[in-house]
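So the structure is just underneath, and the comments pick up after that.
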Amino acid sequence: MSNQERYPILEISIEKFEHNAREVISRCARRGISVAGVIKGFSAFPELTSAFVRCGAAQLGSSRLRHFKEIKALGIPGPYLLLRVPMFSELDQVVDLADYSLQSDVSTIRALQEECLRKNKKHKVILMVDLGDLREGFWDKDEMVDACVWVENELSMVELAGVGTNLGCYGAIQPTPEKMHELLEIARRVESQIGRKLEIVSGGATSSYTLVHWETMPEGINHLRIGEGISLAYDLPVDWHIKDMDYLYQDVYTLKAQVIEVRNKPSYPQGVLCIDAFGNKPTYQDRGNRLRALAAIGRADLADIPKLMPRAAGIEVLGGSSDHTILDIEDYQGTLVPGDILEFDLNYTTQVFLMASPDVTKRLIR
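Just so you know, we're using numbering that gives the first Met the number 0 here: the sequence shown kicks off at 0 and counts up by one.
Shown next, in the form of structure tokens:
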């Protein structure tokens with residue numbers, strides 16, 4: 000058996016990815032918004048990263064500097080945008096590898112200036128404000144404005160590219176026109192004090208694309224950082240229940256996993272219940288004996304087994320372990336035997352882990 004036939008396999012449609020990228024980037028462009036194509040969700044897979052460039056992404060964004068090192072070695076052009084506020088321990092690499100970075104701490108920016116001086120290389124920063132999601136960003140808006148003015152007037156090698164925010168992540172705060180107006184007010188205050196327009200006013204990530212889709216994004220927001228909304232297009236139509244986004248493919252990825260066992264077994268574990276392999280105490284429903292299948296893929300490959308979505312009707316994901324996924328196939332209309340292949344759709348969590356797993360074969364299809 001060749002390596003290309005070794006399961007699990009993650010098939011990737013480059014044609015559907017490019018379609019999604021062009022749709023989102025063009026819709027944003029019509030509202031004066033450029034898009035940083037976020038490559039971290041697919042581990043900077045070269046063909047997808049190159050597709051972002053072909054489709055007009057303004058920057059390539061990741062939280063992992065090694066991604067920039069990898070794609071730079073392949074000759075994939077930037078600019079590169081670092082999406083996580085950098086650690087002190089990686090500032091030398093930030094200057095070497097990234098053209099832009101998100102920043103939220105004056106001491107880090109000061110150290111970045113010293114590193115830029117040492118390397119005689121300039122670097123652009125986007126200062127982040129926390130508008131309620133409670134991840135990175137200045138909380139005090141006056142402090143934020145003062146920091147922007149300080150970068151503009153006092154630093155010779157660190158350049159103020161703009162301001163930005165993050166929503167819909169840790170705090171699950173919905174991007175709204177009101178939140179965008181808060182960001183725009185900060186941008187206007189900064190521009191008034193520095194005497195020029197900011198290059199970037201970055202309104203968030205995929206969740207902020209909802210305002211582009213609904214045509215409610217305030218004028219002046221000119222940048223978004225989008226990965227999942229192009230690569231998977233799952234969160235907004237499914238989790239946000241937005242029903243009129245049929246212009247995006249949701250099947251860019253197809254996970255193919257091989258069945259290794261099929262048996263009738265009790266649906267309720269037999270013996271004294273304690274904890275599972277991960278320290279949890281699960282609950283189980285007694286549904287009598289049921290036909291179930293084991294697939295050779297597990298949490299080590301995709302982290303969150305219950306988030307897998309079988310494409311075939313009548314198959315239910317029950318759970319699993321590091322290397323196994325347990326499926327109820329009692330209501331499946333076909334017949335499964337060991338060696339058969341099952342197909343699954345992904346969400347963001349499963350995509351991130353599958354693309355990073357060395358045990359999952361990636362196969363491009365056109």
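C-beta: ideal position from N, C-alpha, C; glycine also.
Determine the DSSP secondary structure at residue i, reduced to helix, strand or coil.
i       : result
Ile-11  : strand
Asp-91  : helix
Tyr-99  : strand
Thr-164 : strand
His-180 : helix
Arg-5   : coil
Asp-344 : strand
Ala-292 : strand
Leu-130 : coil
Phe-137 : strand
Gln-192 : helix
Considering residue i, what are the terminal residues of the alpha helix (DSSP H) in which it resides?
i       : result
Phe-67  : 64–72
Leu-272 : No alpha helix (DSSP H) holds Leu-272; DSSP gives it neither H nor E.
Ile-199 : Here Ile-199 belongs to no alpha helix (DSSP H); instead the beta strand (DSSP E) covers 199–201.
Thr-209 : 208–212
For residue i, which residues from the same chain have a beta carbon less than 8 Å from its beta carbon, with the 5 sequence-adjacent residues on both sides left out?
i       : result
Val-150 : Ile-108, Val-124, Leu-126, Val-157, Glu-158 and Leu-159
Gly-131 : Leu-166, Gly-170, Ile-172 and Lys-178
Leu-231 : Gly-40, Gln-249, Val-251, Tyr-252, Leu-345, Asn-346, Tyr-347 and Gln-350
Thr-215 : Pro-176
Rounded to a whole number of angstroms, what is the C-alpha to C-alpha distance between residue i and residue j?
i       : j       : result
Thr-48  : Lys-15  : 14 Å
Ile-32  : His-222 : 5 Å
Glu-10  : Leu-90  : 36 Å
Ile-185 : Val-144 : 7 Å
Pro-309 : Leu-293 : 13 Å
Val-271 : Lys-280 : 12 Å
Ala-312 : Ala-28  : 39 Å
Ser-207 : Tyr-233 : 14 Å
Glu-17  : Asp-250 : 12 Å
Asn-152 : Ser-191 : 13 Å
Ile-296 : Ala-256 : 7 Å
Arg-286 : Glu-329 : 11 Å
Phe-51  : Glu-69  : 16 Å
Take residue i and list the residues in its own chain whose beta-carbon comes closer than 6 Å to its own, dropping the five residues that flank it on each side.
i       : result
Gln-3   : With a pLDDT of 48 at Gln-3, under the threshold of 50, the modelled position of this residue cannot be trusted, and the question is left open.
Asn-229 : According to the sequence as given, residue 229 is Ile; it is not Asn. Here the set comprises Asn-19, Ala-20 and Val-23.
Glu-135 : Val-84, Ser-103 and Met-127
Quick check on the DSSP output: the beta strand (DSSP E) that includes residue i runs from which residue to which?
i       : result
Asp-327 : 324–327
Leu-223 : 222–225
Ala-50  : Element bounds for Ala-50: not the beta strand (DSSP E) but the alpha helix (DSSP H), 45–53.
List the DSSP bridge partners of residue i.
i       : result
Pro-265 : Asn-288
Gln-257 : Ile-340
Ser-106 : Bridge partners of Ser-106: none, in fact.
In its own chain, which residues sit with a C-beta less than 7 Å from the C-beta of residue i, not counting the 5 before and 5 after it?
i       : result
Asp-300 : Pro-7, Phe-352, Leu-353, Ser-356, Asp-358 and Val-359
Leu-133 : Tyr-169 and Gly-170
Gln-58  : Ala-35, Gly-77, Pro-78, Tyr-79, Leu-80 and Tyr-99
Leu-154 : Gln-112
For the ligand NAD, I want to know if residue i counts as a neighbour, meaning its beta carbon is within less than 7 Å of at least one of the ligand's heavy atoms.
i       : result
Pro-265 : Ligands in the displayed structure: none, and consequently the ligand NAD is not present.
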